[in-house]
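Below is one structure, written out as structure tokens; the observations come after it.
Number of protein chains: 2
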Amino acid sequence: MAVNFPSIDPAALHPVAGVTLGWAEANIRKPNRKDVLVIRVDEGASVAGVFTQNRFCAAPVTVCREHLAAAKGIRALVVNTGNANAGTGEPGMAHARETCAELARLAGFDAQQILPFSTGVILEPLPIDRLKAGLPAALANQQAAHWFDAAQAIMTTDTLPKASSRQVTIDGHVVTLSGISKGAGMIRPNMATMLGFLAFDAKVAQPVLDELVKHVADRSFNCITIDGDTSTNDSFILIASGKSSLPAITSTDSPAYVALRDAVTEVAQDLAQLIVRDGEGATKFMTVTVEGGKDAAECRQIAYAIGHSPLVKTAFYASDPNLGRILAAIGYAGVTDLDVGKIDLYLDDVLVAKAGGRNPAYKEEDGQRVMKKSEILIRVVLGRGNATATVWTCDLSHDYVSINADYRS
Amino acid sequence: MAVNFPSIDPAALHPVAGVTLGWAEANIRKPNRKDVLVIRVDEGASVAGVFTQNRFCAAPVTVCREHLAAAKGIRALVVNTGNANAGTGEPGMAHARETCAELARLAGFDAQQILPFSTGVILEPLPIDRLKAGLPAALANQQAAHWFDAAQAIMTTDTLPKASSRQVTIDGHVVTLSGISKGAGMIRPNMATMLGFLAFDAKVAQPVLDELVKHVADRSFNCITIDGDTSTNDSFILIASGKSSLPAITSTDSPAYVALRDAVTEVAQDLAQLIVRDGEGATKFMTVTVEGGKDAAECRQIAYAIGHSPLVKTAFYASDPNLGRILAAIGYAGVTDLDVGKIDLYLDDVLVAKAGGRNPAYKEEDGQRVMKKSEILIRVVLGRGNATATVWTCDLSHDYVSINADYRS
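Protein chains in written order, with my numbering: chain H, 63 to 471; chain U, 63 to 471.
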């Protein structure tokens, strides 16, 4: 069902010096599938993350925040699928800590040097014994070339593994970036939970990396939506291994920072868009761009209202140019002083609504032609400023309902 | 597909003195169906309304607001289905005014004494000539006993006509109330648009009626959601014909006001719940009650987050007690200082989550037992205050997608 999902060549995913990956089949929820991933990071790397804004955040998210704050130098990430260890109260916290302690014991680290991640069903106890039993195998098959296997190891309702990689030259030094993702979105994910892990070999000072991860998330994983639900477990992690010959980046002003920032953003956007292309039941990939707003916040607000509307999404699923539904979504987005008489709406190159009303020159067959495509640009011009925002989303199909009605069975 | 939808006996819908109803088959969108309704109101009645908060409100909504503000004494309401006359710009405004002018001409009223309503597809020109051509027939078959036919005349994606009626005795005087509704919700309706018209024969001073309509809407049509979309056309109108022998109600302090208020609220809640029971593709009716909040606003915010979550709604459709999804929705509802450690979650009488975690005594089969029912209470206790709020909603099924993917075909 995935929409124009690029075929990913495992060999094209570059190893990142200072980072190795290994998995296990630990029977967390189902047998015979990779469901535990351990990412090892050499000493001296810096690691930063952003996490779900859900107040009901999962135990591993809380432990990640604690361990990043402890600043003892992260040495490993451990991910399990099949169980989110969320809504599990104190026992869940104990399980997340026990996971870190066990991996630390096996690998000779401090528990605070471990970041734990879980994804899957929530409100069910984490099978901690099976998870711990899987860790030795995940440590035993660590390799720098395991990015594709790692992408497979973190899948839940994903139908395809998601990975992206590239090399860029900054100030004459080659920098290698590789990343994996799964799930359905960050600020707006469904319970499949969005996880993203992106490593590169440039050396970046911790405060700069803390800035970078926010900048990148706001331009990638924070710009996608499948169904508007926000997971308890969403996490996006940047790992700067520091093995590249590029001199350390210690400020956000340097041209090297800008070059690295843009390269990381591109990879993160790949990973985020792959999630939408594999959105549950997705048959179409829609880019919603809102221009001419007073500020980016109101543009995002309107873009998300469109991207979340079940009526808009079902209309796109049906290739039905019932485009008034888009105007309705703009109208209820919550921008209270919006002058709808100034709004233009484009579907790709077709001007559908002009100055808040139907464009006299608009013909249904033009809308129909665009709606039939699998990649569609919804462009809204507000005519009240210069700010813009973009959201990537997909349609709402029968399969979305089937997948989520049957998720646990 | 409607959920426990009561069979409505046309004969049980009491005529309301001073109010008559008539319809026409005007081929607005499809042939051979009632698609125009005219409600006539005798001189001396007071009329009040609340309307959609959508910035892209339809032309008729704008005209309704103008004509109510003109305060010339409303004498008739005219409703068409099949076309919402929304997103139609200036021509749409002209069509709404022309509709009122034509009805005024035919009935001998002032155009400002007419309230126009439209529901159906938006962004398409209103077929004004067919609408005007239908008005004489709608005026010709005016009868006080036509409430059931009127309910049929305003249906769009509704599968069943929606009406409610009762008589109450206030200070020894009988007061008769009858109402009709269609569509899917007021603040959160889908594009089927919610319309509600409720008439009674008590005499109520205009400022009191203006208060009453807001009070009632906030406890009925503003408490339902199907898919979180907000229509451009939603309207709820109260008609006080003043024909009852009950002395005029001129203040909100009188016991008579309270008695009338509660009777009107009950009828409006009937009409609102009928909309949810007939929600597009609905197979289950869920009452979401949030208790123990600091204020009603945060309780509503959380109740709506649960009621809107496609993941919660698909889980109920599947009778799958994947109840962590409810905790997740509570967590992302946007109550930033929420202490999830204090939250209890009940499904009917089953305590699922206690103090933010799974209730140790909770058994999946207990959740399963409740999930299989067609009427389910989702009860959240926040443990941070005394405020409460209730939202009525339904599940999200394959048929919801089918209906909305095919709505215009």
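A virtual CB, placed ideally from N, CA and C, is assigned to each residue, including glycine.
Keep in mind that this is a model prediction, so the values were computed, not measured.
Query, Result
"Burial state of D340 (chain H) (16 or more Cβ within 10 Å)", "buried"
"One or two residues paired with S180 (chain U) in a DSSP bridge", "U:N142"
"S371 (chain H): contacting residues in chain U (beta-carbon distance under 7 Å)", "D291"
"Whole runs of the beta strand (DSSP E) within the segment 88 to 130 of chain U, excluding any shorter than 3 residues", "98 to 103 and 108 to 113"
"Short CB-CB distance (under 7 Å) between L400 (chain H) and chain U", "yes"
"Whole-number beta carbon distance between R323 (chain H) and L274 (chain H), since they are thought to touch under 8 Å", "6 Å"
"The beta strand (DSSP E) enclosing D406 (chain U), as first and last residue numbers", "D406 to L409"
"Rounded separation between A325 (chain H) and E87 (chain H) - CA only", "33 Å"
"Minimum Cβ-Cβ distance from I472 (chain U) to chain H less than 7 Å", "No statement about residue 472 (chain U) is possible, as the shown extent of chain U runs from 63 to 471 and does not include it."
"Any chain H beta carbon closer than 7 Å to T455 (chain U)", "no"
"Any C-beta of chain U under 7 Å from that of L385 (chain H)", "yes"
"Sub-7 Å separation of T287 (chain U) and G369 (chain U) beta-carbons", "yes"
"Straight-line Cα distance separating T327 (chain H) from T345 (chain H)", "26 Å"
"Where the alpha helix (DSSP H) containing Q229 (chain H) begins and where it ends", "Careful: Q229 (chain H) lies outside any alpha helix (DSSP H), inside the beta strand (DSSP E) at K224 to I232."
"Partners in chain H for D362 (chain U), counting only beta-carbon separations shorter than 7 Å", "Before going further, note that residue 362 (chain U) is Arg rather than Asp in the sequence given. Per Cβ cutoff of 7 Å: no residues; R362 (chain U) is ~15 Å from chain H at best."
"H235 (chain H) - DSSP class collapsed to helix/strand/coil", "strand"
"Any chain H beta carbon closer than 7 Å to F118 (chain U)", "yes"
"Check whether K244 (chain H) and D220 (chain H) have beta carbons under 7 Å apart", "yes"
"Within-7 Å CB hit, A158 (chain H) to chain U", "no"
"Anticipated Cβ contact below 8 Å, Y379 (chain H) with S313 (chain H), distance rounded", "About 47 Å separates the two Cβ atoms, so there is no contact after all."
"Helix, strand or coil at S464 (chain U) according to DSSP, with G and I counted as helix", "helix"
"Chain H contact residues for I458 (chain U), given Cβ-Cβ distances below 7 Å", "Contrary to the premise, residue 458 (chain U) reads as Leu rather than Ile in this sequence. Residues of chain H passing the Cβ test: V463."
"Residues within the segment 207 to 223 of chain U neighbouring chain H, beta-carbon criterion of under 9 Å", "none"
"Any non-hydrogen atom of the ligand MG within 6 Å of H370 (chain H) CB", "The ligand MG is not part of the structure shown, which contains no ligands of any sort."
"Terminal residues of the alpha helix (DSSP H) in which R167 (chain H) lies", "G151 to A169"
"Counted within 10 angstroms of its Cβ, other Cβ atoms place S471 (chain U) as buried (16 or more) or exposed", "Unreliable placement is indicated for S471 (chain U), whose pLDDT of 44 sits below 50; no coordinate value is reported for it."
"Assigned secondary structure, S471 (chain U) (DSSP; H/G/I helix, E/B strand, else coil)", "Note on S471 (chain U): pLDDT 44, under 50, position unreliable in the model; the coordinate value appears next. Here S471 (chain U) sits in coil by DSSP."
"Nearest-angstrom Cβ-Cβ length linking R281 (chain U) and Q331 (chain U), presumed shorter than 8 Å", "7 Å"
"Per-residue burial, R167 (chain H) [other beta carbons within 10 Å of its own, 16 or more giving buried]", "exposed"
"Counted within 10 angstroms of its Cβ, other Cβ atoms place D411 (chain H) as buried (16 or more) or exposed", "exposed"
"V338 (chain U) - containing beta strand (DSSP E), residue span", "First-last for V338 (chain U): P317 to R339, but that is the alpha helix (DSSP H), not the beta strand (DSSP E)."
"Beta-ladder partner(s) of W85 (chain H), from DSSP", "H:L99"
"Same chain only: Cβ atoms within 6 Å of L188 (chain U), ignoring 5 sequence neighbours per side", "N145, N147 and H157"
"C-alpha distance - D457 (chain H) paired with A207 (chain U), whole-angstrom precision", "45 Å"
"Span of the beta strand (DSSP E), counted from its first residue to its last, around L439 (chain H)", "E437 to V443"
"Residue(s) in a DSSP beta bridge with C456 (chain H)", "H:F347"
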